[in-house]
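S.K.: Take a look at this one; I'll ask things after.
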Amino acid sequence: MSEMNNINKKLEELSPEKKDQILESFSTFKSYLSAQLAKGERLGLSDDMLAKGAKFVADHLAKNEEPRNSEEKVLQELWKVADENEKKALASVLVKMVQAD
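So our numbering is basically just the index in the sequence shown, starting at one, shifted up by 1.
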């Protein structure tokens, strides 16, 4: 579970300005997520662990951040109505989406 602690620490370390910069556009958000996933892959994290990390980040964003664009708003709305299994699936799909770019 130390990977989730590391993710939480990184989220807490982001300045409000950096968060705004990342969340300003969906393209920038995807690029940031892609870079973070690449780091995880280099560390040898499995796709399952990467999806768990994406779910953790999505939970954090849903609870603590307002959507900055229409794509983030759709993701937030989907997240609100999804059960745990659906959230895991959404996180996996998000990981695949940014890996495919």
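Positions of the beta carbon are idealized from the N, C-alpha and C atoms, including for glycine.
On the criterion of 16 or more Cβ atoms from any shown chain inside 10 Å, does K40 qualify as buried, or is it exposed?
M.R.: Exposed: under 16 other Cβ atoms inside 10 Å.
S.K.: Whether or not the region 34 to 54 and the region 81 to 88 are in contact is what I'm after, with contact meaning three or more pairs of Cβ atoms, one per stretch, closer than 8 angstroms; do they touch?
M.R.: Short answer: they don't touch.
S.K.: Is N86 helix, strand or coil when you go by DSSP?
M.R.: DSSP places N86 in helix when its eight states are reduced to three.
S.K.: As a quick exercise: from L46, L79, S71, R43, pick the residue whose alpha carbon is nearest that of F30.
M.R.: For F30, the nearest C-alpha among the options comes from S71.
S.K.: Which term fits L44, buried or exposed, when burial requires 16 or more other beta carbons within 10 angstroms of its beta carbon?
M.R.: Classification of L44: exposed, given that the 10 Å Cβ count is below 16.
S.K.: Below 8 angstroms CB to CB, which residues in the same chain sit around K20 once its five sequence neighbours on both sides are set aside?
M.R.: Excluding positions up to five away in sequence, the list reads E66.
S.K.: Can you check whether the CB of V99 is closer than 7 angstroms to the CB of L34?
M.R.: Yes. Within cutoff.
S.K.: Between R69 and E25, is the Cβ-Cβ spacing less than 7 angstroms?
M.R.: Against a cut-off of 7 angstroms, the Cβ pair of E25 and R69 comes out as a contact.
S.K.: Taking L15 as the reference, give the member of V58, M50, V96, D102 with the closest Cα.
M.R.: Comparing Cα positions, the closest option is V58.
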